[in-house]
Structure formats: C-alpha cells, structure tokens
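Q: Take this structure first; my questions come after.
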Amino acid sequence: MSFDPTNVPARGTLSSEDAGALLAKGALVADDRRVRSTYFDGRFLTAKDLTRDQVHFLTRQADLGRAIGGGVVSGLVVDMGTVRGRSDGTIKISRGHGLTLGGEIVVLGKDVTLRVDGIPEMQQIDAALGLARIPNAPTRTRTGLYVLALRPVEYTTNPVASYPTSLDGGRSTHDADIVEAVAITLLPYPERIATGTLDERRSRAAHAIFVERARPGTREDALALALVALDHGALQWIDSFLVRREVAQEQGNILGVSGPSRPLREAHLLQYDAHLSDVLEARALMGRGQSFPAIDHFLALPPAGRLPLAAVDVTAGKQWFFPPEVEVSLSVVPDDELGAVLDEAAHLPPIDLRLQGVALEGASVIVLIPVPRAQMDEMIATLGPADLATTPQNQAAWAAAIAQTSGGSLWFVRRKNFTPKGVLHFPYS
Numbered sequence: 201m202s203f204d205p206t207n208v209p210a211r212g213t214l215s216s217e218d219a220g221a222l223l224a225k226g227a228l229v230a231d232d233r234r235v236r237s238t239y240f241d242g243r244f245l246t247a248k249d250l251t252r253d254q255v256h257f258l259t260r261q262a263d264l265g266r267a268i269g270g271g272v273v274s275g276l277v278v279d280m281g282t283v284r285g286r287s288d289g290t291i292k293i294s295r296g297h298g299l300t301l302g303g304e305i306v307v308l309g310k311d312v313t314l315r316v317d318g319i320p321e322m323q324q325i326d327a328a329l330g331l332a333r334i335p336n337a338p339t340r341t342r343t344g345l346y347v348l349a350l351r352p353v354e355y356t357t358n359p360v361a362s363y364p365t366s367l368d369g370g371r372s373t374h375d376a377d378i379v380e381a382v383a384i385t386l387l388p389y390p391e392r393i394a395t396g397t398l399d400e401r402r403s404r405a406a407h408a409i410f411v412e413r414a415r416p417g418t419r420e421d422a423l424a425l426a427l428v429a430l431d432h433g434a435l436q437w438i439d440s441f442l443v444r445r446e447v448a449q450e451q452g453n454i455l456g457v458s459g460p461s462r463p464l465r466e467a468h469l470l471q472y473d474a475h476l477s478d479v480l481e482a483r484a485l486m487g488r489g490q491s492f493p494a495i496d497h498f499l500a501l502p503p504a505g506r507l508p509l510a511a512v513d514v515t516a517g518k519q520w521f522f523p524p525e526v527e528v529s530l531s532v533v534p535d536d537e538l539g540a541v542l543d544e545a546a547h548l549p550p551i552d553l554r555l556q557g558v559a560l561e562g563a564s565v566i567v568l569i570p571v572p573r574a575q576m577d578e579m580i581a582t583l584g585p586a587d588l589a590t591t592p593q594n595q596a597a598w599a600a601a602i603a604q605t606s607g608g609s610l611w612f613v614r615r616k617n618f619t620p621k622g623v624l625h626f627p628y629s
C-alpha cells in the first residue's frame with residue numbers, strides 16, 4: 201500500500217454554529233494554545249499570521265514530544281576532562297539529542313568541551329530571559345551538588361531594513377532570523393541535608409532518588425544530563441545516572457500497584473555500577489582494601505549489581521558487603537544467562553541499607569558466579585549448596601570457581617520473597 205504525504209486524513213470540520221452550540225453545552229473543549237490563521241485570497245497578510253503559524257507548529261511538536269516522554273534519545277554522554285588522570289576543570293558532552301519533560305527537542309550537533317567555571321547557573325539563564333533577577337555569583341565560590349542540564353533557547357540575529365508601516369513612519373532595522381540553540385547550564389541540586397563530604401551527599405542523593413523516588417530539581421524546560429560535585433569551583437566527580445533518564449514509558453504501576461518506572465530502574469543499576477567503580481578506584485589510590493561493608497559508601501543497593509570479589513570468603517563462610525541481617529547464599533549461573541537473571545531481578549525493590557534489624561531480615565540475596573555453560577553440570581554436582589551464614593561444603597571447589605571469575609567482581613541479585621505454593625488452601629463450596 202503506497203503512502204501519499206500530500207493526502208492525509210483530515211479532522212472533522214464543524215460549522216461555527218455547531219461549534220457554538222457544543223461550546224454552550226460544554227461538549228466541546230477548545231485548545232487556545234493551538235490557533236492558526238485561515239488563509240484565503242483577498243486577505244491582508246501580516247507578520248502576526250506567520251508568527252502564529254510558527255507558534256502553532258512548535259506547540260504541536262511539544263505536545264507530541266511530551267507524549268513520548270522526556271529523556272535522552274541518543275548520545276549526550278557527559279565525561280570529565282582529565283590530564284594525567286586528574287581533572288583539568290573541563291566537562292565533555294558528546295553529540296546527541298533528547299526531549300525535555302515539556303516536550304521540547306534539544307540537539308547537540310557536535311561534541312562540546314567547556315570549562316566548568318564557564319557554565320552559567322539556571323538562574324542566570326532565567327535572568328537573561330527576563331524571568332528572574334539575581335546577581336551573578338562568582339563561579340569560584342560554587343560548592344555543592346549541581347545538575348548539568350541542557351535548556352532549549354532561541355535568539356534573533358541578522359538585522360535587516362524594515363520599511364515603514366504607516367505614512368508618517370520611518371525606516372528601522374529588525375533582526376530577520378530566529379536561531380534555535382541549546383544553553384548548557386547548572387541547576388543547584390536541592391538537598392534536605394547539605395552537610396558531610398561530597399561523597400556522602402552523593403549516597404544520600406542516590407537514596408532519595410532511587411528508594412524514596414524523589415525528583416528534586418526536576419524542570420520541564422530543561423533536560424538533565426548529570427549530577428556534578430563542585431568544591432569552590434573545582435570539579436570533583438560526575439554522576440550521570442542519578443538524574444539522566446533515557447526516553448521510555450514513565451508509567452511504573454500495573455493495575456494500580458505502584459512500582460518504579462523502567463527508566464528509574466535502569467538508571468539505578470547504571471548509577472550504582474559507576475559509583476562502585478569510583479569507590480574501588482578511590483580505595484585503591486588510598487591503599488585501602490577492596491573488602492568493605494556497602495554501608496560505608498552506599499545508603500541503598502539496587503536489586504542486582506556487582507560486588508567486590510574480596511568481600512566474599514568462602515573458606516571462612518563469610519561476607520562483609522551486606523548487613524548481617526541479610527541472608528546471603530552462593531550459586532553459579534551460565535555466563536550467557538547472566539543478563540536475563542539481572543533483568544528479571546531489576547523489577548524487585550532496592551535494598552535500603554538505612555533499615556536495621558527486623559526491617560532487613562526479609563531481604564535475601566544470591567551471589568552469582570558466572571561460569572561457562574559447558575562447565576555448569578560438573579560444577580553443580582561438585583559444589584553443592586552454599587550459605588554464607590555457615591561454612592560451605594567443598595570449600596576448595598567454591599574457591600576455585602570464584603578464582604576463575606574475571607574482572608575482580610561477582611554479581612548479586614535480590615531474591616523474591618514470594619512463596620510459589622499456597623500456605624492456606626480454601627475448599628470449594
């Protein structure tokens with residue numbers, strides 16, 4: 201079936217009398233945001249008519265974008281510029297495009313590198329647009345957490361002569377072109393408790409966003425790309441996935457049962473993985489071991505992710521990563537099924553490390569050792585079950601299985617607490 205772009209389904213057209221009658225009955229709802237001019241021979245054309253057409257098109261485009269959902273479509277990856285392994289004070293943003301929550305399209309047509317002290321705060325952009333009045337704070341005094349965001353703006357340029365519109369009018373000049381652009385800006389991240397080190401504040405932000413599902417600092421007119429930490433203007437770290445979201449359906453409940461949306465679940469997995477890598481790198485630079493309790497650096501864990509290999513000692517039947525209230529067991533999984541297992545576990549709630557005692561006893565995790573599928577049957581027969589609350593049997597076999605793990609990490613998944621068999625049976629009557 202061929203498609204003719206010049207012949208599209210038309211909207212139903214009402215007469216002015218019918219429209220007036222329906223409006224009077226409340227059965228017709230007009231959209232005052234989308235009004236366009238009707239053109240016909242003999243009508244005097246004004247600049248207002250053409251401007252109205254532009255606004256109508258932009259409004260419909262924004263409504264369509266809002267229906268898709270805000271987030272990054274592709275690219276727009278934020279990295280820290282480094283020299284010899286240390287920050288050089290610049291931020292790099294790769295080319296890409298996305299949608300704001302308000303439906304506006306933001307596009308970076310090329311990779312951008314700029315100094316962090318050259319990025320204006322959102323209030324300064326508001327002031328430039330005439331929406332607010334604030335003094336420009338010195339960039340060297342910036343300390344705390346900021347959201348790096350892209351904001352769609354426009355400006356006029358290319359002045360041309362304007363002819364008089366009346367007999368006694370004079371000639372003037374007006375900008376002839378409207379250029380759409382993207383402003384790179386910083387938005388102060390609102391914290392309930394703005395104390396402690398920047399790393400501690402990073403953990404609190406992750407807990408608020410992924411456990412409490414808070415959306416602090418969210419604006420409809422900007423696309424958030426990353427959370428950055430500044431200390432008197434110096435860039436300390438960049439965490440993209442705390443605020444960055446990919447374009448996807450935001451709905452997170454099924455039949456009224458609330459749950460995190462898919463973009464939020466994916467962001468927690470990615471944010472935790474990047475945060476863990478930063479923690480391991482920092483501990484290595486300070487000469488600290490790779491075995492530590494998760495609560496030292498995190499206030500919440502996703503339902504699936506990596507953990508340091510050194511945090512598990514099968515010969516002693518111990519693990520140090522999870523709180524003692526959490527039941528931890530070991531298992532093997534075919535390496536080609538690991539992704540599917542992690543994806544299934546991602547639908548479970550995060551592990552809130554702020555909870556203590558009985559509140560955490562219902563949480564249990566399985567530490568997974570990926571192995572080649574060809575070795576699965578042999579390993580299952582040799583290893584046997586392993587509960588890290590007790591010293592596992594066949595310690596040497598378990599130690600050998602862990603030793604062959606590459607990357608210095610194991611994987612964990614949260615277990616479901618659902619009992620597949622009913623505990624109470626109701627007879628039919």
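Under the numbering used here, the first residue of the sequence shown carries the number 201, and numbering increases by one thereafter. Where is the CB? At the ideal position from N, CA and C, for every residue including glycine.
Quick one: any contact between the region 541-554 and the region 495-507, if contact means 3 or more CB pairs under 8 Å?
A: yes
Q: Going by the beta-carbon positions, is the gap between residue 530 and residue 614 smaller than 8 Å?
A: Translated into positions along the sequence shown, residue 530 becomes position 330. Translated into positions along the sequence shown, residue 614 becomes position 414. Not closer than 8 Å, so no.
Q: Going by DSSP, what residue range makes up the alpha helix (DSSP H) through residue 257?
A: If you number the sequence shown from 1, residue 257 lands on position 57. Residues 247-268.
Q: Which whole-angstrom value is the C-beta distance of residue 272 and residue 444, which I expect to be below 8 Å?
A: Here residue 272 corresponds to residue number 72 of the sequence shown, with the count starting at 1. Here residue 444 corresponds to residue number 244 of the sequence shown, with the count starting at 1. That pair is a contact at about 6 Å.
Q: Can you tell me which of the three DSSP states residue 355 falls into?
A: Residue numbering aside, residue 355 sits at position 155 when the sequence shown is read from its first letter. Here DSSP, grouped into helix, strand and coil, assigns residue 355 to strand.
Q: May I ask you to report which of helix, strand or coil DSSP gives residue 212?
A: One-based indexing of the sequence shown puts residue 212 at position 12. The answer is coil: DSSP assigns residue 212 none of H, G, I, E or B.
Q: Considering residue 482, what are the terminal residues of the beta strand (DSSP E) in which it resides?
A: Translated into positions along the sequence shown, residue 482 becomes position 282. No beta strand (DSSP E) holds residue 482; the alpha helix (DSSP H) holding it covers 462-485.
Q: Rounded to a whole number of angstroms, what is the C-alpha to C-alpha distance between residue 309 and residue 404?
A: Numbered from 1 along the sequence shown, position 109 holds the residue referred to as residue 309. Numbered from 1 along the sequence shown, position 204 holds the residue referred to as residue 404. Rounded to the nearest whole angstrom, the C-alpha separation of residue 309 and residue 404 is 35 Å.
Q: Would you tell me roughly how many angstroms separate the C-alpha atoms of residue 496 and residue 392, rounded to the nearest one?
A: Against the sequence shown, residue 496 aligns to sequence position 296. Against the sequence shown, residue 392 aligns to sequence position 192. Straight-line Cα distance between these residues: approximately 20 Å.
Q: With a Cβ-Cβ cutoff of 8 Å, do residue 476 and residue 506 count as a contact?
A: As a first step, residue 476 is located in the sequence shown; it is residue number 276 there, counting from the start. As a first step, residue 506 is located in the sequence shown; it is residue number 306 there, counting from the start. Yes.
Q: Spatial neighbours of residue 268 within its chain, please: C-beta separation below 7 Å, excluding the five flanking residues on both sides.
A: Taking the sequence shown and counting its residues from 1, the one referred to as residue 268 is at position 68. The answer, listed in chain order, is 299, 447.
Q: Going by DSSP, what residue range makes up the beta strand (DSSP E) through residue 506?
A: Along the sequence shown, one-based indexing puts residue 506 at 306. Element bounds for residue 506: 504-508.
Q: In three-state terms, what does DSSP make of residue 575?
A: Residue numbering aside, residue 575 sits at position 375 when the sequence shown is read from its first letter. Residue 575 sits in a helix when the DSSP states are folded into three classes.
Q: Answer with buried or exposed for residue 270, where buried requires no fewer than 16 other C-beta atoms within 10 angstroms of its C-beta.
A: Working through the sequence shown from its first residue, we reach residue 270 at position 70. So residue 270 counts as buried.
Q: Along the chain, where does the alpha helix (DSSP H) that runs through residue 422 open and close?
A: Against the sequence shown, residue 422 aligns to sequence position 222. No alpha helix (DSSP H) holds residue 422; DSSP gives it neither H nor E.
Q: Compute the Euclidean distance between the alpha carbons of residue 213 and residue 356, then round it to the nearest angstrom.
A: Along the sequence shown, read from residue 1 onward, the residue named residue 213 stands at position 13. Along the sequence shown, read from residue 1 onward, the residue named residue 356 stands at position 156. Near 37 Å, if we compare the C-alpha coordinates of residue 356 and residue 213.
Q: Got a sec? Which residues, its chain only, sit under 8 Å from residue 570 by beta carbon, not counting five neighbours each side?
A: Taking the sequence shown and counting its residues from 1, one reaches residue 570 at position 370. Answer for residue 570: 532, 533, 534, 535, 538, 605, 611, listed in chain order.
Q: Assign residue 253 to one of two classes, buried (16 or more other C-beta atoms within 10 Å of its C-beta) or exposed (fewer than that).
A: Locating residue 253 in the sequence shown gives position 53, counting from the first residue. Residue 253 should be labelled exposed.
Q: Near residue 377, what residues of its chain come up, given a Cβ to Cβ distance below 8 Å and the 5 sequence neighbours on each side ignored?
A: Taking the sequence shown and counting its residues from 1, the one referred to as residue 377 is at position 177. Result list for residue 377: 356, 357, 358, in chain order.
Q: Do you know how far the Cα of residue 518 is from the Cα of residue 603?
A: By one-based count along the sequence shown, residue 603 stands at place 403. By one-based count along the sequence shown, residue 518 stands at place 318. Approximately 16 Å, taken between the alpha carbons.
Q: Quick test of your reading: residue 290 and residue 314, contact by CB under 8 Å. State the CB separation rounded to the nearest angstrom.
A: For this step, residue 290 is matched to residue 90 along the sequence shown. For this step, residue 314 is matched to residue 114 along the sequence shown. Residue 290 to residue 314, Cβ: 7 Å. Contact.
Q: Do you know offhand how far residue 320's Cα is from residue 368's?
A: On the sequence shown, position 120 is the one that residue 320 refers to. On the sequence shown, position 168 is the one that residue 368 refers to. In a straight line, the C-alpha of residue 320 is about 44 Å away from that of residue 368.
Q: Could you tell me the distance, in whole angstroms, from the CA atom of residue 250 to the CA atom of residue 375?
A: Within the sequence shown, numbered from 1, the residue matching residue 250 stands at position 50. Within the sequence shown, numbered from 1, the residue matching residue 375 stands at position 175. Going by the C-alpha atoms only, they are around 16 Å apart.
Q: Classify residue 541 as helix, strand or coil using the three-state DSSP reduction.
A: In the sequence shown, residue 541 corresponds to position 341, counting from 1. In this structure, DSSP gives residue 541 a helical state, which the three-state scheme calls helix.
Q: Answer with buried or exposed for residue 460, where buried requires no fewer than 16 other C-beta atoms within 10 angstroms of its C-beta.
A: To locate residue 460, count along the sequence shown from 1; it is residue 260. Buried: at least 16 other Cβ atoms inside 10 Å.
Q: Would residue 304 be called buried (16 or more neighbouring beta carbons within 10 Å of its own) or exposed?
A: Translated into the one-based positions of the sequence shown, residue 304 becomes position 104. Flag for residue 304 reads buried.
Q: Let me know if residue 364 comes out buried or exposed under the rule of 16 or more other beta-carbons within 10 Å of its beta-carbon.
A: Along the sequence shown, read from residue 1 onward, the residue named residue 364 stands at position 164. It is exposed - the Cβ of residue 364 has fewer than 16 other Cβ atoms within 10 Å.
Q: Assuming residue 389 contacts residue 348 (C-beta within less than 8 Å), just tell me the rounded distance between them.
A: The residue given as residue 389 occupies position 189 in the sequence shown. The residue given as residue 348 occupies position 148 in the sequence shown. That pair is no contact at about 10 Å.
Q: Is residue 442 near residue 414, with beta carbons less than 8 Å apart?
A: Position 242 of the sequence shown, counted from the start, is the residue given in the question as residue 442. Position 214 of the sequence shown, counted from the start, is the residue given in the question as residue 414. Against a cut-off of 8 Å, the Cβ pair of residue 414 and residue 442 comes out as no contact.
Q: When the Cα atoms are used, what is the spatial distance from residue 233 to residue 372?
A: Here the question's residue 233 lines up with position 33 in the sequence shown. Here the question's residue 372 lines up with position 172 in the sequence shown. Going by the C-alpha atoms only, they are around 31 Å apart.
Q: Quick one: what's got a C-beta closer than 7 Å to residue 480's C-beta in the same chain, skipping five residues either side?
A: Taking the sequence shown and counting its residues from 1, the one referred to as residue 480 is at position 280. Result list for residue 480: 490, 508, in chain order.
Q: For the candidate residues 384, 557, 434, 560, whose alpha-carbon lies nearest to that of residue 286?
A: As a first step, residue 286 is located in the sequence shown; it is residue number 86 there, counting from the start. Selected option, being the one with the closest Cα: 434.
Q: Less than 8 Å between the beta carbons of residue 634 and residue 275, yes or no?
A: Here the chain covers residues 201 to 629 and nothing more, so residue 634 does not appear.
Q: For residue 455, does the three-state DSSP call read helix, strand or coil?
A: Your numbering for residue 455 matches position 255 in the sequence shown. Here residue 455 scores only 49 on pLDDT, less than 50, and its place in the model is too uncertain to base an answer on.
Q: Based on Cα-Cα distance, which residue from 216, 523, 516, 609 lies nearest to residue 558?
A: For the purposes of this step, residue 558 is identified with residue 358 of the sequence shown, where counting begins at 1. When each option's Cα is compared against that of residue 558, the closest is 523.
Q: At which residue ranges does the region 373-446 contain complete beta strand (DSSP E) runs of 3 or more residues, listed in the order of the chain?
A: 423-431, 434-439
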